[in-house]
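J.:
In structure tokens, the structure reads:
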């Protein structure tokens with residue numbers, strides 16, 4: 007039996023990337039891509055003043071792969087995906103009159119990912135129709151990352167917990 011569309015990680019990760027691209031790419035004001043998605047995609051930050059790095063970590067699965075019954079005899083479980091977003095700014099390349107750029111980038115990202123935000127999940131293996139929503143549940147980390155050896159780069163880290171209910175047919 008094939009995986010149900012709700013149980014495919016490609017749908018969750020692809021939908022999150024599309025949401026980030028649609029919501030933040032233009033706001034980061036760059037002539038080149040300013041969102042690093044990882045996963046083997048090429049990314050060059052050498053000439054960027056500011057950018058973000060987005061990483062979806064594997065979902066936390068319950069011990070028993072069973073859950074409530076759904077219509078049509080399907081089974082389901084609620085997964086917790088961890089989203090790690092690092093914001094970067096090169097202070098030498100931004101206005102010398104503003105030390106707030108890293109905070110602006112952080113605020114921009116957090117504005118797009120506040121708890122309660124729903125992200126449409128689409129079928130990336132088929133029709134691209136929306137069949138559910140990924141829910142931003144909790145902000146787990148919101149902190150500066152300081153490295154006294156790397157003063158040419160400022161970093162702020164956001165870690166968020168996302169909820170998704172996957173289903174499958176036994």
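Residue numbers (our numbering): 7 to 176. All residues carry an ideal CB built from backbone N, CA and C; glycine is no exception. As the structure is a computational prediction, the values presented were derived from the model and not from experiment.
In the DSSP assignment, the alpha helix (DSSP H) including residue 113 goes from what residue to what residue?
T.: Its alpha helix (DSSP H) spans residues 107-118.
J.: Would you kindly check if the distance between the Cβ of residue 58 and the Cβ of residue 111 is under 8 angstroms?
T.: Yes. Within cutoff.
J.: With distances taken between CB atoms, is the gap from residue 36 to residue 126 smaller than 8 angstroms?
T.: Cβ atoms of residue 36 and residue 126: not closer than 8 angstroms.
J.: Per DSSP, what kind of secondary structure is residue 164 in: helix, strand or coil?
T.: Three-state result, residue 164: strand.
J.: Report all residues from its chain with a CB closer than 6 angstroms to the CB of residue 171; omit the five preceding and five following residues, and keep chain order.
T.: 82 and 84.
J.: Within the continuous alpha helix (DSSP H) that includes residue 139, where are the two ends?
T.: Per DSSP, residue 139 belongs to no alpha helix (DSSP H); it is in the beta strand (DSSP E), 136-151.
J.: When we look at the beta-carbon of residue 89 and count the other beta-carbons within 10 Å, is it buried (16 or more) or exposed?
T.: Classification of residue 89: buried, given that the 10 Å Cβ count is 16 or more.
J.: Do residue 60 and residue 43 come within 8 angstroms of each other at the CB atom, strictly closer than that value?
T.: Taking 8 angstroms as the Cβ cut-off, residue 43 and residue 60 qualify as a contacting pair.
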